[in-house]
Amino acid sequence: MNIFEKIMKVDRRWVYLAIGLAVSIPAVYELVATYILKKENTTINIPITPSPEVKKVYDFVESMKPGEHLFICVDYDPSSMAELNPMTTAIVNQAFAKDIKIIFVTLSQFGPGLVEQITSSLAAAHNKVRGEDYAFLGYRPYPAITILAMGVDFRVPFPEDYYGTPLDSLPIMDGIKNFNNLKGVIELTSGNTADFWITYGNGRYGFPLALGITGVMSANYYQYLSSDQLLGIIPGVKGAAEYEELVGFPGDGKAQMAYQVIAHAVILVFIIISNIAFFGTRKRKGGMEGGAQ
Amino acid sequence: MSTGQLIGNGIAAFLTLCIFSFLYKDNPFYKFAERLVAGVATGYFTMLLFWTNFIPKVWEPLYERHEIIYIIPTILGIIMWTRFSKKWAWVSRYSIAFYIGIGSGVAVTLALYTYLFKQLQATIAFPISMDVAGINQLLVVVAVLASLIYFFFSTPHKGAFGVASKLGIYVIMIGFGAGFGLTVMGRIALLVNRVIFLKGYLIALFGG
Amino acid sequence: MDRVKFLIPTFILFIIAISCVPAAAADIVADSAIAILPPNVSDVIVSDKPNDPGGTLVVEWILPDSAALAAMPIKGVNIYLSGNHDGPFELITSLPKSALHYECSDLQDGESYYFKVTATANGLESDGITSAAGIPSGQWFNTERLPILIVVILFSITAITFIIKARGGYDFYVRPIAGIKAVDEAIGRATEMGRPILYVPGLGSAADVATIAAFTILARVAKKVVEYNTRVIVPNYDPVVMAICQEVVKEAYASAGKPELYDPKDVYFITQDQFPYTAAVNGVMLREKPATNFYMGMFYAESLVLAETGFVSGSIQIAGTDQLVQIPFFVSVCDFVLMGEELYAASAYLSREPQQLGTLKAQDLGKVTVVILIIIGVILSTIGMSGFANWFNVG
Numbered sequence: 334m335n336i337f338e339k340i341m342k343v344d345r346r347w348v349y350l351a352i353g354l355a356v357s358i359p360a361v362y363e364l365v366a367t368y369i370l371k372k373e374n375t376t377i378n379i380p381i382t383p384s385p386e387v388k389k390v391y392d393f394v395e396s397m398k399p400g401e402h403l404f405i406c407v408d409y410d411p412s413s414m415a416e417l418n419p420m421t422t423a424i425v426n427q428a429f430a431k432d433i434k435i436i437f438v439t440l441s442q443f444g445p446g447l448v449e450q451i452t453s454s455l456a457a458a459h460n461k462v463r464g465e466d467y468a469f470l471g472y473r474p475y476p477a478i479t480i481l482a483m484g485v486d487f488r489v490p491f492p493e494d495y496y497g498t499p500l501d502s503l504p505i506m507d508g509i510k511n512f513n514n515l516k517g518v519i520e521l522t523s524g525n526t527a528d529f530w531i532t533y534g535n536g537r538y539g540f541p542l543a544l545g546i547t548g549v550m551s552a553n554y555y556q557y558l559s560s561d562q563l564l565g566i567i568p569g570v571k572g573a574a575e576y577e578e579l580v581g582f583p584g585d586g587k588a589q590m591a592y593q594v595i596a597h598a599v600i601l602v603f604i605i606i607s608n609i610a611f612f613g614t615r616k617r618k619g620g621m622e623g624g625a626q
Numbered sequence: 017m018s019t020g021q022l023i024g025n026g027i028a029a030f031l032t033l034c035i036f037s038f039l040y041k042d043n044p045f046y047k048f049a050e051r052l053v054a055g056v057a058t059g060y061f062t063m064l065l066f067w068t069n070f071i072p073k074v075w076e077p078l079y080e081r082h083e084i085i086y087i088i089p090t091i092l093g094i095i096m097w098t099r100f101s102k103k104w105a106w107v108s109r110y111s112i113a114f115y116i117g118i119g120s121g122v123a124v125t126l127a128l129y130t131y132l133f134k135q136l137q138a139t140i141a142f143p144i145s146m147d148v149a150g151i152n153q154l155l156v157v158v159a160v161l162a163s164l165i166y167f168f169f170s171t172p173h174k175g176a177f178g179v180a181s182k183l184g185i186y187v188i189m190i191g192f193g194a195g196f197g198l199t200v201m202g203r204i205a206l207l208v209n210r211v212i213f214l215k216g217y218l219i220a221l222f223g224g
Numbered sequence: 106m107d108r109v110k111f112l113i114p115t116f117i118l119f120i121i122a123i124s125c126v127p128a129a130a131a132d133i134v135a136d137s138a139i140a141i142l143p144p145n146v147s148d149v150i151v152s153d154k155p156n157d158p159g160g161t162l163v164v165e166w167i168l169p170d171s172a173a174l175a176a177m178p179i180k181g182v183n184i185y186l187s188g189n190h191d192g193p194f195e196l197i198t199s200l201p202k203s204a205l206h207y208e209c210s211d212l213q214d215g216e217s218y219y220f221k222v223t224a225t226a227n228g229l230e231s232d233g234i235t236s237a238a239g240i241p242s243g244q245w246f247n248t249e250r251l252p253i254l255i256v257v258i259l260f261s262i263t264a265i266t267f268i269i270k271a272r273g274g275y276d277f278y279v280r281p282i283a284g285i286k287a288v289d290e291a292i293g294r295a296t297e298m299g300r301p302i303l304y305v306p307g308l309g310s311a312a313d314v315a316t317i318a319a320f321t322i323l324a325r326v327a328k329k330v331v332e333y334n335t336r337v338i339v340p341n342y343d344p345v346v347m348a349i350c351q352e353v354v355k356e357a358y359a360s361a362g363k364p365e366l367y368d369p370k371d372v373y374f375i376t377q378d379q380f381p382y383t384a385a386v387n388g389v390m391l392r393e394k395p396a397t398n399f400y401m402g403m404f405y406a407e408s409l410v411l412a413e414t415g416f417v418s419g420s421i422q423i424a425g426t427d428q429l430v431q432i433p434f435f436v437s438v439c440d441f442v443l444m445g446e447e448l449y450a451a452s453a454y455l456s457r458e459p460q461q462l463g464t465l466k467a468q469d470l471g472k473v474t475v476v477i478l479i480i481i482g483v484i485l486s487t488i489g490m491s492g493f494a495n496w497f498n499v500g
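Here the protein sequences come in this chain order: Z, C and A.
Each residue of the first sequence is one higher than the one before, starting from 334 at the first, in our numbering.
Each residue of the second sequence is one higher than the one before, starting from 17 at the first, in our numbering.
Each residue of the third sequence is one higher than the one before, starting from 106 at the first, in our numbering.
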């Protein structure tokens with residue numbers, strides 16, 4: 334067995350181990366530098382340049398005036414928290430800092446816990462009062478029907494908020510009937526609810542819509558940017574890091590970038606080696622077959 | 017970190033390592049963690065659905081506000097349960113027909129608008145020119161046409177058609193490569209998040 | 106003496122005149138102050154908003170002419186609303202001077218509403234112009250989306266025509282698809298190796314198009330499996346899908362005259378949880394060591410986990426899914442992949458069902474139309490005629 338064939342037959346658990354070690358390098362460095370070498374400021378900062386599609390979302394929120402209403406739909410589950418929580422936190426921080434009122438909704442069954450986790454910590458930090466500065470309407474299944482109903486009146490699918498308070502009793506909902514009364518919608522999702530918001534939300538009611546999505550999905554939604562169906566996209570953890578850079582708020586997104594860079598470098602090396610081995614084995618097999626003829 | 021948080025995060029750290037153990041091979045720790053998450057998720061979702069949907073959408077309108085009109089969707093929903101009976105499963109078709117009929121009716125117009133008209137307009141609205149934007153537009157148009165030709169099934173892919181089809185599959189593969197790369201980033205992000213969590217837990221555990 | 110007599114009344118008149126002048130001047134100044142208001146807008150028109158579900162009126166106006174604006178530039182406009190022509194009017198919004206229309210929603214259909222539009226500048230406000238009555242109403246039909254209706258009708262007619270033609274026995278050509286050609290070879294390989302075939306119908310429900318295509322391909326696989334006397338294992342995620350798969354496989358055995366060889370234990374339900382299902386299927390692959398794995402239907406994050414385990418087991422793998430996000434993973438690991446519409450085309454190719462063939466043909470005709478429209482549209486846009494592209498900018 335030559336070297337190429339040996340490479341092609343390497344047990345993938347060695348690859349897992351290599352990736353695991355690579356990803357652990359920044360963590361080990363920070364631990365050693367902080368607690369053994371007693372250094373300060375041991376976080377590895379990677380320079381980040383915000384991309385245009387992320388900047389559009391940032392500019393949209395930045396252009397809103399204090400007191401205007403922003404609608405944030407949190408449609409991801411704990412398995413996507415790593416990518417989507419940082420961007421959610423950055424957006425909410427930006428909005429609260431500008432005294433923008435936020436209406437939260439979730440169309441994912443795991444959303445309520447996530448929304449409560451985010452709002453409880455960030456609202457306290459910005460002295461925001463539930464019912465006056467922000468509201469959480471709750472969870473409803475069947476995204477298409479819920480979005481269409483919200484376009485008529487939020488009170489149709491959500492007569493009360495998540496905590497059982499009638500919407501008409503909430504000061505934040507004064508004068509807010511449906512999407513026409515909002516500046517725009519930001520949908521944060523790891524599933525197909527993005528399609529529902531584009532089709533039934535923007536397609537039916539025409540409000541400004543931005544997406545915050547996982548890296549897996551990103552490639553499929555850029556076409557909606559060029560057709561102006563979306564005003565911007567925040568793609569994955571890199572997009573979250575870019576948004577944090579724009580907001581000026583150091584969060585989990587930027588903290589992950591050092592790990593991402595090292596892991597991607599290792600993966601690139603593996604891809605190059607395995608492709609060389611792949612073409613090497615193919616060439617060798619082709620040569621052998623040619624000789625046999 | 018308080019003692020309660022330490023214990024809670026410790027359980028989370030233990031379960032994280034149980035899932036990671038699958039990378040070596042399937043084992044009881046992985047099976048335990050897998051079944052635990054499935055059970056907790058199912059139980060949580062059932063309760064959530066009950067309190068956020070059944071109560072405000074069925075119980076309160078019918079029992080508390082006496083809005084009798086809600087009896088119609090309630091009956092349609094109950095009928096769906098007949099699917100579990102071989103003898104009465106046919107009754108559920110009425111509920112399904114109602115649901116699919118409304119869904120299709122709403123979806124057709126909006127889907128055509130979103131996925132066809134808007135995309136078509138975006139593809140043809142920009143002129144081709146010799147600057148960067150114009151050349152980009154030319155590439156987009158060529159890629160769209162080649163991809164459409166690849167998915168044409170009514171003629172054999174030979175001659176010029178075959179060349180265009182070949183270009184189409186290359187374009188599609190480039191798109192898939194971009195998607196694959198973004199997915200790698202996403203999956204690594206999940207791993208990184210766990211590593212950062214474990215790091216934080218170690219720091220909290222040893223009094224950092 | 107005469108001069109004194111003349112001068113005294115003259116002097117008195119003079120005193121009176123002087124004392125009146127400031128008042129008159131003040132009056133003149135006061136009149137000027139009242140008169141210097143911003144110029145009014147003109148032509149205030151109210152109309153029902155077209156193509157809406159009701160409750161909205163559109164108010165339009167024209168700014169004062171340039172001469173009036175030069176005398177006193179306006180800064181903005183105020184919009185007032187009332188149910189009566191004579192008021193009382195309530196201020197509903199203030200807009201910058203660049204705004205030339207306003208949509209007022211949440212009104213009651215069938216009721217009359219009057220709008221007054223005033224111009225504002227330097228803290229002053231013009232008298233305003235009151236509009237005629239506007240009555241909001243909803244429309245049943247959104248005429249802006251007429252092109253969509255035309256497309257739906259044309260496509261439906263085309264699809265029905267092709268389906269009728271297929272039912273009449275017309276043999277429509279569908280180009281061979283590489284993945285389907287490989288199915289027979291893969292089944293033959295399994296027979297030679299004496300190992301079973303694993304068929305995974307995905308995580309979709311029985312209503313999903315990809316799962317329906319999976320049933321068709323399973324029927325083909327089952328038929329071949331019976332011919333070659335090989336075993337096919339079908340682990341299921343959805344109970345309804347399992348019931349249909351059981352029928353499909355049983356039917357294949359019955360058609361070949363070997364119903365006794367069908368083992369219901371080979372087509373079974375595992376669980377409706379994504380990763381426990383994946384773990385179970387991985388276990389089947391590692392234990393049974395199938396020679397060929399089929400992944401047909403809807404797959405999500407478990408796609409690469411399944412395909413990798415199958416690769417490690419040394420199986421030939423043929424996948425087909427319409428989940429765009431998962432196709433790259435299947436492409437990188439599997440031997441053949443049916444991407445997106447190829448899965449539906451494979452289903453039509455194998456089953457030759459009139460409905461599937463007719464719809465496929467209609468879609469192909471639609472693609473030809475789209476290609477022609479793109480070519481025409483790009484040429485017209487390049488030479489500066491953007492009207493054609495705007496036709497697609499519906500509602």
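Every residue, glycine too, gets a C-beta built ideally from N, C-alpha and C.
Alpha carbon to alpha carbon, how far is residue i from residue j?
i      : j      : result
A295/A : Y554/Z : 40 Å
N378/Z : K587/Z : 8 Å
G233/A : Y131/C : 46 Å
I212/C : L218/C : 10 Å
T266/A : V164/A : 48 Å
C485/A : K182/C : Reading off the sequence shown, one finds Leu at residue 485/A, where the question assumed Cys. One C-alpha to the other measures close to 27 Å.
S147/A : A237/A : 13 Å
D432/Z : K47/C  : 47 Å
Within the same chain, show all residues whose beta-carbon is closer than 6 Å to that of residue i, passing over the 5 residues directly before and after it, in chain order.
i      : result
R473/Z : T479 and P490
D585/Z : P419
T263/A : A467 and L470
H459/Z : F429
Determine the chain C residues that contact residue i at a beta-carbon separation under 7 Å, and present them in chain order.
i      : result
S551/Z : L198
So, with DSSP's three-state summary, where would you put residue i?
i      : result
P445/Z : helix
Y391/Z : helix
T375/Z : coil
C439/A : coil
R463/Z : strand
R346/Z : helix
H501/A : Because chain A spans 106 through 500 in this model, residue 501/A falls outside it and cannot be assessed.
N183/A : strand
Y86/C  : helix
Using a beta-carbon distance below 8 Å, is residue i in contact with chain A?
i      : result
N460/Z : no
P89/C  : no
D42/C  : yes
Establish whether the CB of residue i and some CB of chain C are separated by less than 8 Å.
i      : result
T316/A : no
V570/Z : yes
N341/A : no
K466/A : yes
For residue i, which residues in the same chain have their Cβ closer than 8 Å to its Cβ, ignoring the five residues on either side in sequence?
i      : result
P499/Z : P492 and E493
For chain B, check one thing: does any of its Cβ atoms lie closer than 8 Å to the Cβ of residue i?
i      : result
D211/A : Included in the structure are the protein chains Z, C and A, with no chain B among them.
What residues in its chain sit with their C-beta under 7 Å from that of residue i, if we drop five residues either side in the sequence?
i      : result
K394/A : R300 and S418
For residue i, go through chain C and note every residue whose CB falls closer than 8 Å to its CB, in chain order.
i      : result
P474/Z : L65 and N69
Under 7 Å between beta-carbons, which chain Z residues line up against residue i? List them in chain order, please.
i      : result
L429/A : N553
Between residue i and chain Z, is the shortest Cβ-Cβ distance under 8 Å, so that the two count as touching?
i      : result
V211/C : yes
Give the interface partners of residue i over in chain A, defined as CB-CB distance under 7 Å, in chain order.
i      : result
K510/Z : D211
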